[in-house]
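Shown next, in structure tokens, is the structure this report addresses.
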Amino acid sequence: MKITIIGTGYVGLVTGACLAELGNDVFCLDLDVQKVALLNSGGIPIHEPGLEEVVARNRAAGRMTFSTDVEAAAAHGVMQFIAVGTPPDEDGSADLQYVLAAARGIGKYMTDFKVIVDKSTVPVGTAEKVRAAIQGELDARGVAATFSVASNPEFLKEGAAVEDFMRPDRIVIGVDATPDGERARELLKSLYAPFNRNHERTYWMDVRSAEFTKYAANAMLATRISFMNELANLADKVGVDIEAVRHGIGSDPRIGHSFLYAGCGYGGSCFPKDVQALERTARGHGQELLILRAVEAVNDQQKQVLGRKVVARFGEDLTGRHFAVWGLAFKPNTDDMREASARVLLADLLGRGATVAVYDPVAMAEARRVLQLDLTPEQLAKVRFADSPKDALQDADALVIVTEWKAFRSPDFEQVKARLKQAVVFDGRNLFEPAVMAENGIEYHGIGRSILT
Ligand code: UGA
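This is the structure we're talking about:
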């Protein structure tokens, strides 16, 4: 099938590459000339495991092309996926300018029936705006072509996006109950047929419900995390191990084990933005989402939890103190530092006069970029970008772990102790067992793990 993907960000590039892998003829449009040039020369603008190989294979097979040509993009696919960014506006609502510009681009050049598929995370009612934008362009040109707008939100996790796309646990699709909507349903059904062979994974619904489902999923996951973080903070006070509690409640199938890990807060481009956007939608309809307001407030606090623990141990003034920081990305397997907890921690430690040595397996270049925005030149001068986890440890008063990279999970504790000035570890992701750390002679501060002994 001929497919056009508008936007070659995370969602667009992964969707395009995976649909090409299924044998479709995929045309990827992006207005960023440099990005398109990079993709056409075999480069990949993001770090995503497995993606480079899939793109290379499908480019070589002629199933994937990258271009800035809006007219050619509109002509190519009977299905036009909109996968552009929806960054938050100043007020937290999703900024639809890129989505609507993509829609106008389609309307400006389309000549025959198209299915427009919204992949971007967009608020309820966006499909109607997309429809109006396209119709406006068609009317202006006096073209009578028909089209249908469907919603097909993505549920990809950064760092596992290719895997998530190729093995979806569900595919959510909203289509209109009209003859054109029916045509859209048939086309989408055959596009996704390879995923539904063994059992049906597609949930068909109306367009608005599909748009809402995406926000509901992310808001629910963010809620679980903030809930556990709040309980972890209490666990620290009352001498309870939140990890034991996690197992104890997760074994109830009504609760389940996933996304119950307490830590130093959630980050990334999705949860913070989507929670805010849903709250904003509600407010626009005179409703306050009290639970989500609390989810956000708890998360803002939780990003400060490591700084608070360091202060409790070393005092408010950290002048003359030096810390090793492992992990900068908002989670493992990505170089994404959007809303990363490490940014809050570093601003806190440096603001209190400390110096730091930081290490991340892939986010070092991105860290150099974003820390320039977050920190003053004087503070930035106090950051050493280390070559390895081991190197970062040298002469630090403590190690602070912010991201749960696999590479950090089994360190040589003797080496850690030998390099640190003091054997103190603050673990923002609960990678280690307090008892094992005690056996190794390391003073350990996890999140919600202060069992009374
Ligand atoms: C999230 C959702 O998991 C995807 O299903 C969704 O498609 C995506 O947003 C999106 O809307 O595009 P992502 O932001 O890539 O994916 O990352 P997650 O793996 O969900 O992690 C988000 C944050 O929550 C990370 O900072 C992680 O460290 C934190 N987290 C996750 C916890 O603190 N505890 C947990 O138990 C799980």
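Be aware that the sequence shown starts at 44, since it is given in the working numbering, and climbs by one per residue. Just so it is clear, CB atoms sit at the ideal spot from N, CA and C, and this is done for glycine as well.
Between SER84 and ILE125 the beta-carbon gap is near 26 Å, outside 8 Å, which marks them as no contact. Between the alpha carbons of ALA461 and ALA137 lies a gap of roughly 49 Å. The beta-bridge partner set that DSSP reports for GLY217 consists of SER194 and MET248. In the DSSP assignment, LYS433 falls within the alpha helix (DSSP H) that extends over 432-436. Between THR51 and LYS78, the CB-CB gap stays under 8 Å. Across the structure, VAL467 and GLY202 are spaced so that their CA atoms are roughly 30 Å apart. Per DSSP, the beta-bridge partners of GLN123 are THR47 and ILE159. Annotated three-state conformation of ALA117 is helix, per DSSP. Excluding its 5 nearest sequence neighbours in each direction, LEU332 has C-beta neighbours in its own chain below 6 Å: GLU322 and ALA325, listed in chain order.
At a threshold of 7 Å, TYR487 does not count as near the ligand UGA, since its beta carbon sits no closer than that to any of the ligand's heavy atoms. Per DSSP, ILE177 is one residue of the alpha helix (DSSP H) stretching across 169-184. Nearest in C-alpha terms to ASP284, of all of ILE159, LEU264, GLY306 and PHE302, is GLY306. As DSSP reads the structure, ILE444 sits in a beta bridge with TRP369 and ASP470. Between LEU442 and ALA367, the gap from beta carbon to beta carbon is short of 8 Å. The count of Cβ pairs closer than 8 Å, one atom from the stretch 248-257 and one from the stretch 200-217, reaches three, so the stretches are in contact.
Non-local C-beta neighbours of LEU74 in its own chain, meaning closer than 7 Å and more than five positions away in sequence, comprise THR111, ordered along the chain. HIS290 and ASN473 have their C-alpha atoms spaced approximately 14 Å apart. Residue burial annotation: ALA397 is buried, with at least 16 other C-beta atoms found within 10 angstroms of its C-beta.
With contacts defined by Cβ atoms closer than 8 Å, LYS172 and LEU143 form a contacting pair. A direct Cα-to-Cα measurement between LEU82 and PRO166 gives close to 30 Å. The ligand UGA has no heavy atom closer than 7 Å to the beta-carbon of LYS449.
Relative to the ligand UGA, the beta carbon of LYS162 is positioned no closer than 7 Å to any heavy atom.
DSSP places ARG381 in no beta strand (DSSP E); its state is neither H nor E.
Counting C-beta pairs closer than 8 Å gives three or more between the stretch 64-71 and the stretch 115-123, which meets the contact rule. Ranking VAL387, ASP391 and GLU64 by CA distance to the CA of MET209 puts GLU64 first. Following the DSSP letters along the chain, one finds THR108 inside the beta strand (DSSP E) bounded by residues 107-110. Closer than 7 Å to some heavy atom of the ligand UGA: that does not describe the Cβ of LYS346. When distances are taken from the beta-carbon of LEU389 to the heavy atoms of the ligand UGA, even the shortest one reaches 7 Å or more.
C-alpha of PHE456 to C-alpha of ILE490: approximately 20 Å in a straight line. When the Cα atoms are used, ALA278 and ALA287 turn out to be separated by approximately 11 Å. By the neighbour-count criterion, in which 16 or more other beta carbons inside 10 Å mark a residue as buried, THR419 falls on the exposed side. The ligand UGA has a heavy atom closer than 7 Å to the beta-carbon of CYS313.
For TYR152, same chain residues with a beta-carbon under 6 Å away, outside a window of 5 residues either side, are GLU114 and ALA117 in chain order. A straight line joining the alpha-carbon of PRO222 with that of ARG492 spans about 58 Å.
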